[in-house]
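**Student:** In full-length UniProt numbering, the protein residues as written are 1 to 73. Take a look at the following structure, please.
This is the structure we're talking about:
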């Protein structure tokens with residue numbers, strides 16, 4: 001085969017690999033964040049305590065549900 005044809009094939013393969021790699025990495029990151037949310041109740045409680053608020057369980061539940069709703073949108 002011609003050298004120019006091989007170069008075109010290699011360039012196309014690199015581009016396809018980059019696109020597929022991007023979407024696979026994006027999907028794996030989304031599933032990771034769904035399984036391991038960035039902020040937990042304990043972290044929220046400590047943040048509210050450090051800001052001088054006394055967090056009740058009801059308030060923590062409301063904040064966590066708001067965060068989950070926002071993530072689902």
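Here a beta-carbon is modelled for each residue, glycine too, at the ideal position from N, C-alpha and C.
Confirm, please, whether the CB-CB distance from residue 71 to residue 20 is below 9 Å.
**Tutor:** No, these two residues do not count as a Cβ contact at 9 Å.
**Student:** Since residue 50 is in the alpha helix (DSSP H), which residue starts that stretch and which ends it?
**Tutor:** 41 to 50
**Student:** Going by the CB atoms, is the gap between residue 38 and residue 68 shorter than 9 Å?
**Tutor:** Cβ distance not < 9 Å, so residue 68 and residue 38 don't count as in contact.
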